[in-house]
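Counted from 1, the sequence shown has number 19 at position 20 by numbering that gives the first Met the number 0; the numbering is strictly sequential.
Where is the CB? At the ideal position from N, CA and C, for every residue including glycine.
Owing to the predicted nature of the structure, the values given are computational and were not obtained by experimental measurement.
Here the structure comes first, spelled out in C-alpha cells, and everything after it is commentary.
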Amino acid sequence: MTSDPQNSSDDAPSGLPAALGAYLLWGFLPLYLLLVTSVPPFEFVGWRIIWTLPFCLIIVALRKQFPALRAAIANPRTLLALFFSALLIATNWFVYIWAIMENQVYAASLGYYLNPLLNVLLGTLLLGEKLTKWQWLAVAIAASAVALLSAGAITTLWISLTLAFSFGLYGIVRKQVDVGSLPGLTIESAILLLPAMGIAGWYAGTAAGTSFGNDWFLSAAIIFSGVVTAVPLLLFAIAAKRMSYSTLGFIQYLAPTIVFILGLTVFGAQLRPVQLGSFVLIWIAVAIFVADLWVRTRRAKAAAKAEA
C-alpha cells in the first residue's frame, strides 16, 4: 500500500470503483499469501521486487509515462529520496509478509489502522502542519491503544509500529518529490533489484534451494506477486486523482478491516482481550478522525461555493 499526494477537490463517480478495487485487493492480500507460505518471507520479498519491476514497466508503457520516468531518473535529489523510500517500502513489505505468514494477522491489521493517524502526527512534527483539537483527541486515543498493547501484548507491538512508521515515513518521503505513484514504484523496484537478485541467488545456493522454478504452481504464484503489487497501486493512483481526500481517506480503512475479519475467520487467529481493547480504542480514534475530516471538507466546499 502506498500514498499519492495528488487529489482532486471534486468527487468523480468513476473514482469510486478504482478506490474500492485497490483497497479490496490490499485487504484480501493475506489470502494470496496463503499460496506462498512455503516461501521464506525474506526470499519472497526478493522475488516480489524482481517481478514487480517488469509489470510496472508494462503499465508505464501502457500509460505512456516514460517521460515522467526519465525526468525522475535525471534528478539526483529525486533519486536520493526514492532510495530512502525504497528501503522503507521494502521493510514494510517484509514485516507485513512475515506477520501474515506467522499468523500475526491482528498486529498487521492494527498497523494499518494506526497509519493514517500516524500520518497526521508526522505531518505536524516533520512538515509543520497543524492539528485540529479533534485530530489531537484521535491521536491521543490511538496512543492509549498502543500503550495498552505495550502493557499486555508487547511481543507483537513491534509489528504494528514498524508497519505504521515505515509506511508513514514512506509517505512523507514520497511527498517531498515530484513523481507519480507508478513511476516512483518503478524506480524503487529498480533500486532494489540488485539486492533482490542477491537474495534470490543466496537462497538458490542453500541446501534447501530456491522456491522458484521447482513447482509450476508455486512459481506462477510468485510471478503473480508483481501483479498483486502493481495493479492496486495503479487503481489507487486513478482514484486519488478523481476523488476527494475525505472520501478516499474513509475508504482506506476497508483494507485493515478486511484483514481483521480474515484473522477471525480464515486464519482463526486468537484475539486476546488486550488486542480487542486496543482495536476498540483504534476504531473510536478512526471514527473521530474521519468525522472531523468529513466536517472540515464539507465546510471548505461550502466556503468555496459561497465565494464563487
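What whole-angstrom Cβ distance do residue 121 and residue 171 have, given they're in contact under 8 Å? The residue you call residue 121 lines up with position 122 of the sequence shown. The residue you call residue 171 lines up with position 172 of the sequence shown. Yes, they are in contact, since the Cβ atoms of residue 121 and residue 171 sit about 6 Å apart, within 8 Å.
Once the 5 residues before and after residue 185 are set aside, which same chain residues still bring their CB inside 8 Å of it? In the sequence shown, the residue the question calls residue 185 occupies position 186. These residues qualify, in order along the chain: 52, 55, 56, 59 and 68.
Report the residue from 88, 164, 109 and 163 whose alpha carbon sits nearest the alpha carbon of residue 262. Numbered from 1 along the sequence shown, position 263 holds the residue referred to as residue 262. Nearest C-alpha to residue 262: 109.
Boundaries (first-last residue) of the alpha helix (DSSP H) holding residue 151: For the purposes of this step, residue 151 is taken as the residue at position 152 of the sequence shown. Note, residue 151: alpha helix (DSSP H), 132–151.
Using a Cβ-Cβ cut-off of 6 Å (strictly less than) and excluding sequence neighbours within five positions of residue 2, which residues of its own chain qualify? To locate residue 2, count along the sequence shown from 1; it is residue 3. Because residue 2 carries a pLDDT of 45, less than 50, the predicted location of this residue cannot be relied on, and the following value inherits that uncertainty. Result list for residue 2: 170, in chain order.
Close beta carbons around residue 315, own chain, < 7 Å, minus the five adjacent residues each side: Outside the displayed range of the chain (0 to 307) lies residue 315, so it cannot be described from this structure.
Using only the alpha-carbon positions, how far apart do residue 197 and residue 137 sit? Residue mapping note: residue 197 aligns to position 198 of the sequence shown, counting from 1. Residue mapping note: residue 137 aligns to position 138 of the sequence shown, counting from 1. If you take the alpha carbons of residue 197 and residue 137, they lie about 43 Å apart.
Could you tell me the distance, in whole angstroms, from the CA atom of residue 44 to the CA atom of residue 195? The sequence position of residue 44 within the sequence shown is 45, counting from 1. The sequence position of residue 195 within the sequence shown is 196, counting from 1. In a straight line, the C-alpha of residue 44 is about 8 Å away from that of residue 195.
Own chain, CB closer than 6 Å to residue 140, minus 5 neighbours either side, in chain order: The sequence position of residue 140 within the sequence shown is 141, counting from 1. Excluding positions up to five away in sequence, the list reads 280, 283 and 284.
State the start and end residues of the unbroken alpha helix (DSSP H) segment that holds residue 178. The residue labelled residue 178 in the question sits at position 179 within the sequence shown. It is not in any alpha helix (DSSP H) - residue 178 carries neither H nor E in the DSSP assignment.
Rounded to the nearest angstrom, what separates residue 82 and residue 167 at their Cα positions? Taking the sequence shown and counting its residues from 1, one reaches residue 82 at position 83. Taking the sequence shown and counting its residues from 1, one reaches residue 167 at position 168. About 16 Å.
Have a look at residue 216 and residue 236 and give me their C-alpha separation to the nearest angstrom. By 1-based counting over the sequence shown, the position of residue 216 is 217. By 1-based counting over the sequence shown, the position of residue 236 is 237. Each residue's Cα considered, the two are about 30 Å apart.
With residue 224 as the anchor, note down where its alpha helix (DSSP H) starts and where it stops. As a working mapping, residue 224 is identified with position 225 in the sequence shown. Start and end: 224–241.
Taking its Cβ as the centre, do 16 or more other Cβ atoms sit within 10 Å of residue 128, making it buried, or is it exposed? As a working note, residue 128 is residue 129 in the sequence shown. The residue in question, residue 128, is exposed, as its Cβ has fewer than 16 Cβ neighbours within 10 Å.
What residue does the alpha helix (DSSP H) around residue 90 start on, and which one ends it? In the sequence shown, the residue the question calls residue 90 occupies position 91. Its alpha helix (DSSP H) spans residues 75–100.
Output the boundary residues of the alpha helix (DSSP H) element that contains residue 16. Along the sequence shown, read from residue 1 onward, the residue named residue 16 stands at position 17. Element bounds for residue 16: 14–26.
Smallest Cα separation from residue 255: which of 79, 80, 61 and 95? By 1-based counting over the sequence shown, the position of residue 255 is 256. For residue 255, the nearest C-alpha among the options comes from 95.
Below 8 Å on the Cβ atoms is my guess for residue 49 versus residue 253; work out the distance and round it to an integer in Å. Stepping through the sequence shown from its first residue, residue 49 is reached at position 50. Stepping through the sequence shown from its first residue, residue 253 is reached at position 254. Rounded, the Cβ-Cβ distance is 29 Å, inconsistent with contact.
Could you pull out every residue in the same chain whose Cβ sits closer than 8 Å to the Cβ of residue 199, ignoring the five residues on either side in sequence? Taking the first residue of the sequence shown as position 1, residue 199 is located at position 200. Once the five neighbours on either side are set aside, the close Cβ partners of residue 199 are 42, 45, 46, 49, 209 and 211.
Among 97, 264, 17 and 16, which one has its Cα closest to the Cα of residue 161? To locate residue 161, count along the sequence shown from 1; it is residue 162. Out of 97, 264, 17 and 16, 97 has the C-alpha closest to the C-alpha of residue 161.
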